[in-house]
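S.K.: As numbered in UniProt numbering, residues 1 to 244 make up the sequence shown, in order. Shown below is the structure under consideration.
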Amino acid sequence: DLSSLQDIFTFQFVQGRPITNIIMAILWSIGLPILLYELLKPRLGQVVAMIIASCPPLVIVISRMLKTRKLDVLGFVAGVSFLISGIISISQPSPQVSSICESIVPLLVGVFCLISLLPIKIGKFELRPLVFEVTSQLMPRTERNEELLAKDKQRLHNPRDAKNKGGLLDWVYGHMAKIRNDLRILTACWGIELVVGFIVKAIVASTSTDISKAQHFGYIFFTLATLGMMAVSFMFTKLMKRHV
């Protein structure tokens with residue numbers, strides 16, 4: 001129904017289970033690889049430990065793609081960035097390169113944001129804007145009040161299945177062109193911001209003789225840019241709510 005649709009664009013869905021989803025995703029995608037790496041490194045060596053440690057998030061990404069035809073963005077970025085960071089650390093780069101590589105994760109997220117805008121569809125798999133995929137991944141799968149839901153016959157007979165806000169978001173994306181355009185614009189803004197932030201830090205780090213100052217500048221620029229994009233995203237959700 002309309003209230004459920006508007007909940008999506010006013011962050012009301014955060015009152016369900018998403019915080020648990022976020023914590024579990026972070027533990028699996030980031031915490032477990034780090035733990036495996038630290039445990040296996042003394043026994044198997046740095047390279048083998050790094051490869052094994054990057055497997056859990058990549059395995060869940062592949063299995064979820066095969067099952068749901070959707071990309072687990074957090075797991076994919078964590079696995080790839082962990083693998084790349086390990087390779088870079090083994091090569092023992094210069095301080096300038098090390099400083100630049102600290103931003104490899106935001107760069108990957110930005111690149112994936114831009115790639116996700118490409119109109120690619122293979123069978124049942126459809127590439128959708130990254131902002132949409134992340135939001136859908138964090139959606140709670142059930143309403144908070146099951147008793148109230150059971151008594152609401154109108155919602156029970158809703159073909160869009162109000163119990164699954166993730167499915168409702170899929171319906172919104174598939175049937176509302178304005179929402180699709182809004183999500184593409186928001187994803188493009190995030191992608192450009194993250195890629196530009198990496199480029200700026202790379203230029204500063206490669207041209208500055210003081211690496212610590214370059215790092216501080218990069219952190220400040222990235223923080224301010226991210227806060228600015230968060231504010232833009234919040235205002236954008238207000239605009240998207242009007243399109244529902």
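Glycine residues also receive a C-beta, built at the ideal position from the N, C-alpha and C atoms.
Indicate whether at least one CB of chain C lies closer than 8 Å to the CB of SER212.
M.R.: Looking for chain C here will not work: only one protein chain is present.
S.K.: As a quick exercise: from PRO57, SER63, SER99 and ARG64, pick the residue whose alpha carbon is nearest that of SER81.
M.R.: Measuring from the Cα of SER81, the nearest candidate turns out to be PRO57.
S.K.: For THR187, which residues in the same chain have their Cβ closer than 7 Å to its Cβ, ignoring the five residues on either side in sequence?
M.R.: Answer for THR187: CYS113, SER116, LEU117, PRO129, LEU130 and VAL131, listed in chain order.
S.K.: Excluding the five sequence neighbours on either side, which residues of its own chain have a C-beta within less than 6 Å of the C-beta of VAL195, listed in chain order?
M.R.: Excluding sequence neighbours, VAL195 sits near GLY110.
S.K.: Between the alpha carbons of LEU44 and LEU36, how many angstroms are there, rounded?
M.R.: Looking at the two C-alpha atoms, the distance is approximately 11 Å.
S.K.: Considering only the alpha carbon of each residue, which of ASP182, LYS121, GLU193 and VAL97 lies closest to PRO106?
M.R.: Nearest option by C-alpha distance: GLU193.
S.K.: Using 10 angstroms around the beta-carbon of GLU38, count the other beta-carbons present and answer buried if the total reaches 16, otherwise exposed.
M.R.: Exposed is the call here.
S.K.: Can you list the beta strand (DSSP E) stretches of 3 or more residues lying completely in the segment 177 to 220, in chain order?
M.R.: Taking only runs of at least 3 residues, no beta strand (DSSP E) segment lies wholly in the segment 177 to 220.
S.K.: Is it buried or exposed for LEU183, if we count other Cβ within 10 angstroms and need 16 for buried?
M.R.: So LEU183 counts as buried.
S.K.: Considering only their Cβ atoms, is the gap separating LEU108 from VAL77 smaller than 8 Å?
M.R.: Yes, Cβ-Cβ distance for VAL77 and LEU108 is below 8 Å.
S.K.: In whole angstroms, what is the alpha-carbon distance linking ALA214 and PRO95?
M.R.: Taking the straight line from one Cα to the other gives about 11 Å.
S.K.: Using a Cβ-Cβ cut-off of 6 Å (strictly less than) and excluding sequence neighbours within five positions of SER98, which residues of its own chain qualify?
M.R.: Excluding positions up to five away in sequence, the list is empty.
S.K.: For ARG64, which option in TYR219, PHE125 and THR226 has the closest C-alpha, if you only look at C-alpha atoms?
M.R.: Nearest option by C-alpha distance: PHE125.
S.K.: Using three-state DSSP, classify GLU102 as helix, strand or coil.
M.R.: Three-state result, GLU102: coil.
S.K.: Can you pull the DSSP bridge partners for LYS121?
M.R.: GLU126, per the DSSP bridge assignment.
S.K.: Looking only at its own chain, which residues have a Cβ that is under 7 Å from the Cβ of ILE52, when we skip the five neighbours before and after it?
M.R.: Correct list, in chain order: LEU36 and LEU40.
S.K.: Taking the alpha-carbon of ALA205 as reference, which of GLU102, HIS175, ILE185 and ILE122 has the nearest alpha-carbon?
M.R.: Answer by Cα proximity: GLU102.
S.K.: Let me know the alpha helix (DSSP H) ranges lying completely inside the segment 30 to 61, each 4 residues or longer, listed in chain order.
M.R.: As far as the segment 30 to 61 is concerned, its whole alpha helix (DSSP H) runs of at least 4 residues are 32 to 44 and 46 to 53.
S.K.: Spatial neighbours of GLY191 within its chain, please: C-beta separation below 6 Å, excluding the five flanking residues on both sides.
M.R.: Within the same chain, GLY191 has close Cβ partners GLY110, CYS113 and LEU114.
S.K.: So what does DSSP say about SER63, is it helix, strand or coil?
M.R.: If DSSP states are grouped into helix, strand and coil, SER63 belongs with the helices.
S.K.: Could you work out which residue in VAL48, ILE104 and SER136 is closest to ILE199 when comparing CA atoms only?
M.R.: Taking only the C-alpha atoms, the option nearest ILE199 is ILE104.
S.K.: Quick one: residues in its chain with C-beta nearer than 8 Å to the C-beta of GLU147, no 5 flanking neighbours on either side, listed in chain order?
M.R.: With a pLDDT of only 45 at GLU147, under 50, the local geometry of the prediction cannot be trusted, and the value read off the model is given with reservation. Contacts found: none.
S.K.: Within a Cβ cutoff of 7 Å, which residues of the same chain sit near PHE217, ignoring the five residues on either side of it in sequence?
M.R.: Closer than 7 Å at Cβ, skipping near neighbours: VAL204.
S.K.: If you reduce the DSSP assignment to three classes, tell me which class SER233 lands in.
M.R.: If DSSP states are grouped into helix, strand and coil, SER233 belongs with the helices.
S.K.: Check SER81 in the structure and name its three-state DSSP category.
M.R.: SER81: helix per DSSP, three-state reduction.
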